[in-house]
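The opening residue of the sequence shown carries number 0 in numbering that gives the first Met the number 0; numbering runs sequentially from there.
For every residue, glycine included, the Cβ atom is placed at its ideal position computed from N, Cα and C.
Report on the following structure.
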Amino acid sequence: MSSPESNYAELTKELREIAVLSSIGSVLHWDERTVRPPAGAEHRASQVSLIATMTHARFTSPRIGEWLAAVEASDLVRDPHSDAAVNVRYTRRSYDRATKLPPSLVEELARTSSLSEHAWESAKKNSDFKSFAPWLSKILDLKRAEADCIAPGKNRYDTLLDEYEPGETSANLRVVFEALRGPLVELVGKITSSGRKAPTEILERNYPADAQEKLAREAAAAVGFDFNAGVLARSVHPFCTSLGPGDTRMTTRYDEHYFGDAFFGTLHETGHSLYDQGLPSEHFGLPRGEYVSLGIHESQSRMWENLVGRSRSFWKHFLPKARIAFPNATANVTEDDWYFAVNDIRPSLIRTEADEATYNLHVLMRFELEQALLSGDLPVNDLPAEWNTRMQKYLGLTPPDDARGCLQDVHWSGGGVGYFPTYTLGNLYAAQFFEQARKDLGDLDAMFAKGEFAPLLGWLRKNIHTHGKTYTAGELSQRVTGKPLSPGPLLAHLKRKADELYLK
Ligand code: ZN
0 MSSPESNYAE LTKELREIAV LSSIGSVLHW DERTVRPPAG AEHRASQVSL IATMTHARFT
60 SPRIGEWLAA VEASDLVRDP HSDAAVNVRY TRRSYDRATK LPPSLVEELA RTSSLSEHAW
120 ESAKKNSDFK SFAPWLSKIL DLKRAEADCI APGKNRYDTL LDEYEPGETS ANLRVVFEAL
180 RGPLVELVGK ITSSGRKAPT EILERNYPAD AQEKLAREAA AAVGFDFNAG VLARSVHPFC
240 TSLGPGDTRM TTRYDEHYFG DAFFGTLHET GHSLYDQGLP SEHFGLPRGE YVSLGIHESQ
300 SRMWENLVGR SRSFWKHFLP KARIAFPNAT ANVTEDDWYF AVNDIRPSLI RTEADEATYN
360 LHVLMRFELE QALLSGDLPV NDLPAEWNTR MQKYLGLTPP DDARGCLQDV HWSGGGVGYF
420 PTYTLGNLYA AQFFEQARKD LGDLDAMFAK GEFAPLLGWL RKNIHTHGKT YTAGELSQRV
480 TGKPLSPGPL LAHLKRKADE LYLK
């Protein structure tokens with residue numbers, strides 16, 4: 000009989016090979032979204048599908064289940080934070096998710112999501128919710144079936160949420176999000192009625208793409224992006240992907256009449272990339288070397304984009320560089336004006352265009368609605384009306400049509416139910432970690448003003464990146480900040496900014 004140690008060795012060897020195989024798929028996806036010529040679409044689809052089939056077959060093989068069972072029964076996993084325990088715990092979780100779903104359901108989910116996304120595209124274009132409603136109902140039925148297969152009898156929303164945010168529950172999120180909602184609605188109301196408006200025209204002048212790219216690269220490098228282990232390219236929809244140790248790729252797009260898009264977009268993707276570049280490469284292919292959750296991943300992007308990139312001290316260092324890059328656009332622009340312009344807070348209809356404060360109200364609304372849709376409390380046909388009611392209540396706006404209302408996001412059409420909360424979790428964790436980093440490191444603003452970002456990155460590496468999946472998001476928060484997730488730090492940050500720019 001083989002020992003637990005040898006079973007564990009076999010398991011990790013196989014997992015690492017599966018990860019290498021799957022990273023080949025990531026190269027194909029990267030190529031797909033950046034340079035693949037149109038005529039190569041069909042061949043690319045066969046490449047991607049072959050790799051996906053191969054990785055799925057290897058990962059769902061009964062051998063994995065046998066190795067897991069052998070190690071689970073041993074002393075190797077006694078300490079829950081040991082490398083072996085972390086690897087076994089998360090592999091078990093993914094293995095169960097992958098093997099408990101009947102192939103017929105997997106196939107139907109894939110097929111329906113793809114058709115439904117297609118239906119959503121044209122429904123959005125024509126602002127025609129009625130044509131999309133049957134697809135949404137179908138998706139919700141399939142997601143209910145999926146949840147019931149994975150964890151029979153458990154709260155379905157929690158099962159779906161768990162895929163993106165391991166260990167998180169809707170009960171906990173409701174407490175945190177509700178404590179955030181009231182004060183945030185009030186704050187945004189005060190900002191709106193202050194009558195003050197950020198001089199956003201400054202950012203809409205002529206910003207040549209090449210100069211934007213140069214400055215974006217300079218900023219990414221300044222905050223610690225390793226260009227020897229990463230790439231910044233262009234794509235229509237900015238994203239970041241890790242192809243493996245030493246190879247992190249991100250993209251952006253340049254709008255010559257809006258400075259904010261590429262610059263803050265690049266800082267955002269840089270935040271994701273810094274996390275990927277900071278994961279322990281010796282654990283590549285194993286949960287011990289992977290990111291904690293989507294919420295924690297997003298906390299890294301939001302921290303660099305908003306808490307660092309929209310701070311006054313950051314621009315003390317970077318505005319002089321922007322003046323060199325864009326002498327015409329920035330002529331006669333004061334630091335105060337620039338700082339106000341990049342911190343424009345204003346209720347708007349579209350989530351992806353929202354500022355760092357109102358963004359969360361868009362997300363909270365979707366979190367509430369998707370739970371009601373999944374439980375059946377909200378009939379699909381009532382979604383547009385309920386959407387508009389909440390938009391009015393939280394942001395004081397009513398969408399003129401469903402394209403700018405409940406049809407704006409792709410997520411639900413593709414089966415992404417339980418995903419939205421991770422965006423606001425990112426903002427909450429970012430603010431909470433940042434508050435702690437300030438306590439631990441001292442005057443971060445003085446450092447940023449001098450272009451010193453290495454202390455903050457070092458703090459993130461040590462406290463978050465190197466641990467991989469050793470701790471859940473909740474445990475990490477407790478360990479790093481001494482507190483469970485709380486709306487306090489984000490609210491305090493937003494209030495400080497509102498006081499300074501709108502309410503003084
Ligand atoms: Zn992100």
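Under 7 Å between C-beta atoms of residue i and residue j
i           : j           : result
residue 340 : residue 197 : yes
residue 50  : residue 94  : no
residue 54  : residue 23  : no
residue 242 : residue 25  : yes
residue 141 : residue 108 : yes
residue 85  : residue 287 : yes
residue 448 : residue 312 : yes
residue 190 : residue 349 : no
residue 279 : residue 465 : yes
residue 121 : residue 400 : no
residue 460 : residue 277 : yes
residue 43  : residue 32  : no
residue 416 : residue 132 : no
residue 319 : residue 395 : no
Sequence-distant residues of its chain with Cβ nearer than 6 Å to residue i (five each side left out)
i           : result
residue 138 : 115, 414
residue 472 : 291, 292, 294, 295
residue 251 : 237, 261, 264, 265
residue 29  : 240, 248
residue 230 : 248
residue 391 : 397
residue 300 : 267, 270, 271
residue 66  : 6, 9, 10
residue 289 : 467, 468
Neighbourhood of residue i by C-beta distance below 8 Å, restricted to the same chain and skipping five residues each side
i           : result
residue 303 : 222, 266, 267, 269, 270, 273
residue 479 : 432, 435, 462, 463
residue 143 : 155, 373
residue 83  : 7, 70, 75, 76
residue 310 : 444, 447
residue 96  : 149, 162
First through last residue of the alpha helix (DSSP H) which encompasses residue i
i           : result
residue 192 : 169-192
residue 302 : Here residue 302 belongs to no alpha helix (DSSP H), and DSSP marks it neither H nor E.
residue 245 : Run containing residue 245: none; DSSP gives neither H nor E here.
residue 109 : 102-124
residue 166 : Premise fails: residue 166 is in no alpha helix (DSSP H) and is neither H nor E.
residue 331 : Careful: residue 331 lies outside any alpha helix (DSSP H) and carries neither H nor E.
residue 268 : 258-277
residue 82  : 82-99
residue 48  : 40-58
residue 488 : 487-497
residue 345 : Neither: residue 345 is in no alpha helix (DSSP H) and is coded neither H nor E.
residue 458 : 453-462
residue 4   : 3-33
Proximity test, residue i beta-carbon vs the ligand ZN heavy atom, cut-off 6 Å
i           : result
residue 300 : yes
residue 474 : no
residue 297 : yes
Own chain residues within Cβ distance below 7 Å of residue i, not counting five before or after
i           : result
residue 410 : 418, 419
residue 450 : 221, 316
residue 336 : 198, 201
residue 38  : none
residue 244 : 280, 283
residue 203 : 256, 257
residue 224 : 269, 272, 273
residue 508 : This structure cannot settle anything about residue 508, because the visible part of the chain is limited to 0 through 503.
residue 408 : 350
Residue i, enclosing beta strand (DSSP E) - first and last residue
i           : result
residue 309 : Residue 309 -> no beta strand (DSSP E), and no H or E assigned at all.
residue 195 : Neither: residue 195 is in no beta strand (DSSP E) and is coded neither H nor E.
residue 232 : 229-233
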